[in-house]
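Since the structure comes first, as structure tokens, the remarks are kept for the end.
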Amino acid sequence: MISILVIGSLLIVVGFWGLLTRKNLIKMVLSIAIAETGLQLVMISIGYIKHGTAPIISGPVTGADAASMVVDPVPQALVLTAIVIGVAVNALLLSYVVSLYRKKKSLDISDFKELKW
Amino acid sequence: MFQIAIFIMGVSMIAGAVLAIVSRSLIVSVVAVGVVSLFASVLYLFLSAPDVAMTEAAIGAGLSTVIFLYAVKKTRNRDMEND
Amino acid sequence: MIKKAVSFVVIAIFSLMLFAVIKEWETASRLKPLAREYVTREPAELGASNLVTAIVVTYRGLDTLGEVTVLFLAAAGVGLFLKLRDREKKTPRRNSSEILKTGITFVLPAIIMFGVYIFLNGHLTPGGGFQGGAVIASGVLLLLLTFPDYRPKYGAIHTIESLSGTFYVLAGIAGLVLAGGFLDNRFLPAGNFGQILSAGAIPLIYTFIGLKVGTELTGILSNMKGE
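The listed protein sequences derive, respectively, from chains A, B and C. For reference, each letter of the first sequence is one residue, going 4 to 120 in this note's numbering. For reference, each letter of the second sequence is one residue, going 2 to 84 in this note's numbering. For reference, each letter of the third sequence is one residue, going 2 to 228 in this note's numbering.
Here is the structure:
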């Protein structure tokens, strides 16, 4: 539906705005999480068929005319993967943040400016 | 009827996302991102996607919020903070 | 000042791209050809009721294998950076309330049984390995929150995780040797449509995925809790 497409796009823009303007490391990881949620909403709402039902074959949705009653199942399979990978990447990013904090006692990204070379 | 519910949930999701970014307290930001995930899980039901709704509710609104709260606890110093 | 201008330009370009997608969008009224192919071929060929499960486990099985690998790498990375160490100072902790300690004896077995039910019935109702694993990890999280000095048995968790991952790949190789290709589910009998022992090897594969994801998320949570 187009309203959920608009909501998802606004969430992506808000997430990227937060990533570009904030300096706190945990706020940056939170903005990445918000942008990922918006992107998954956009992907599922692209696969919506008008007056479609859930892609499960039982009851009135059987047989040869299932293809005219269900919504698109392929984006749902991809978003299932994307949600789990999103939480794994968030956990790994947060473990980097905690490890950096233990080194320098600061969560501000402008304190981590020196490179090794 | 559904359009009104989608509109109210959409407005609260965008408001929650903006609140998460401008708030001064990290705990408020983490809870706001949890609320965004929760409403996204309800919107997936409106889009006839029960598998995705279950996954988002269990992983996004549950475990991800707890992981963020553990990280906030480990990086808290006694004199507060942040941008 | 220039940083604000650059970020404003980037956000404006993003919004323009997204607006160009939304402006001429109309909701489709027929399935696309690939989806129609999957939906019409699937009941006779694979025998699973849940179409999303059939796509995730068999038609797009390699993506699921990649996702399980990414989850494993992330759990290993978290374990590397946040090594558990013995508590240096024993800060006195408040005991949890009576409600938590009494309630957990009723609720925890039900949560774990519910998680197992979700991934065993993945091919019939909405659900599957990832959702069931997340529910099991939530149950162990409840245990971690109620008893602050509780440590899960890491030997058992790592053994279950490694064995489940190995058996998942072995099931894929069994599909290669005994049936059509890697992660083909037809090497076990298809059974009656809509019963629990149907759809070939899909319940078996989802059981392994569910156990692996559950123990991995438990490992991530207890590493992030620390101590």
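The beta carbon of each residue, even a glycine, is placed where N, CA and C say it ideally should be. Predicted, not measured: the structure shown is a model, and the values here were computed from it.
Please state whether DSSP places B:Val-73 in a helix, a strand or coil.
Three-state result, B:Val-73: helix.
Taking C:Leu-171 as the reference, give the member of C:Pro-44, C:Arg-61, C:Leu-205, C:Lys-24 with the closest Cα.
That would be C:Leu-205, whose Cα lies nearest to the Cα of C:Leu-171.
Locate the alpha helix (DSSP H) running through C:Lys-4, then write down its first and last residues.
Looking at the DSSP string, the run of the alpha helix (DSSP H) that includes C:Lys-4 is 3-24.
Taking only beta-carbon atoms, is C:Val-170 less than 8 Å away from chain A?
No, C:Val-170 lies away from the interface with chain A (no Cβ there is under 8 Å from its Cβ).
When the Cα atoms are used, what is the spatial distance from A:Met-4 to C:Gly-67?
Spanning the two alpha carbons is a distance of roughly 31 Å.
State yes or no: is the C-beta of C:Leu-198 within less than 8 Å of the C-beta of C:Gly-192?
Yes.
Within 8 Å (strictly less), CB to CB, does A:Thr-24 reach chain C?
Taking Cβ atoms only, chain C reaches closer than 8 Å to A:Thr-24, which makes this a yes.
Beta-carbon of B:Asp-84 versus every beta-carbon of chain A: anything under 8 Å?
The pLDDT assigned to B:Asp-84 is 48, lower than 50, so where the model puts this residue is not dependable; a value taken from the coordinates is nonetheless given after this. For B:Asp-84, the answer is yes, since a Cβ of chain A falls inside 8 Å of its Cβ.
Would DSSP call B:Ala-50 helix, strand or coil?
In this structure, B:Ala-50 counts as coil in the three-state DSSP scheme.
Quick one: which chain B residues come within Cβ less than 7 Å of C:Phe-131?
Under the 7 Å cutoff, chain B gives Thr-56.
Need the endpoints of the alpha helix (DSSP H) that A:Met-46 sits in, please.
Per DSSP, A:Met-46 belongs to the alpha helix (DSSP H) from 28-49.
Can you list, in chain order, the stretches of the beta strand (DSSP E) that have 3 or more residues and sit fully within the region 50-118 of chain C?
List check, beta strand (DSSP E) in window: nothing returned.
Let me check understanding here. Comparing Cα to Cα, which of C:Pro-190, C:Gly-176, C:Thr-219 lies closest to C:Ala-157?
Ranking C:Pro-190, C:Gly-176, C:Thr-219 by Cα distance to C:Ala-157 puts C:Thr-219 first.
Which residue or residues does DSSP assign as beta-bridge partners of A:Val-73?
DSSP output for A:Val-73 lists A:Thr-56 as bridge partner(s).
Out of A:Ala-38, A:Leu-28, A:Gly-11, point me to the one whose CA is closest to A:Phe-19's CA.
The shortest Cα separation from A:Phe-19 among A:Ala-38, A:Leu-28, A:Gly-11 belongs to A:Ala-38.
Distance cutoff 8 Å, beta carbons only. Does B:Met-2 sit that close to anything in chain A?
Cβ-Cβ to chain A under 8 Å: no for B:Met-2.
Could you check the C-alpha separation between C:Gly-116 and C:Gly-134 for me, to the nearest Å?
Spanning the two alpha carbons is a distance of roughly 7 Å.
Identify the residues that DSSP records as bridge partners of A:Asp-111: which are they?
In the DSSP output, where bridge partners are listed per residue, A:Asp-111 has A:Asn-27.
Can you round the beta-carbon distance between A:Tyr-51 and C:Thr-28 to whole angstroms, since I take them to be within the 8 Å contact cut?
At roughly 6 Å, the Cβ-Cβ gap stays under 8 Å, so A:Tyr-51 and C:Thr-28 are in contact.
Between the alpha carbons of C:Gly-201 and C:Phe-188, how many angstroms are there, rounded?
Rounded to the nearest angstrom, the two C-alpha atoms are 7 Å apart.
Please state whether the Cβ-Cβ distance between C:Ser-97 and C:Thr-147 is less than 8 Å.
Cβ atoms of C:Ser-97 and C:Thr-147: closer than 8 Å.
Using a Cβ cut-off of 8 Å (strictly closer), state whether A:Ala-67 contacts chain C.
So yes, A:Ala-67 belongs to the interface.
Taking B:Ile-15 as part of the alpha helix (DSSP H), name the residues at either end of that continuous run.
Its alpha helix (DSSP H) spans residues 3-23.
Of all the options C:Ala-6, C:Val-22, C:Ile-3, which has the alpha carbon lying nearest to the alpha carbon of A:Leu-13?
Minimum Cα distance to A:Leu-13 is reached at C:Val-22.
Closer than 8 Å is the cut-off here; do at least three beta carbon pairs connect the region 43-50 of chain B with the region 41-60 of chain A?
Yes, the region 43-50 of chain B is in contact with the region 41-60 of chain A.
For C:Met-2, decide whether its Cβ has a neighbour in chain B, counting only Cβ atoms nearer than 8 Å.
Not one chain B Cβ lies under 8 Å of C:Met-2.
Keeping to the same chain, check which residues put their C-beta closer than 7 Å to that of C:Val-11; ignore five residues upstream and five downstream.
Closer than 7 Å at the Cβ level, and outside the excluded window around C:Val-11, lies no residue.
On the three-state DSSP scale, how would you describe C:Ala-29?
Three-state DSSP puts C:Ala-29 in a strand.
Take the Cβ of B:Met-55 as the centre, count every other Cβ of all protein chains shown within 10 Å, and call the residue buried at 16 or more, exposed below.
The residue in question, B:Met-55, is buried, as its Cβ has 16 or more Cβ neighbours within 10 Å.
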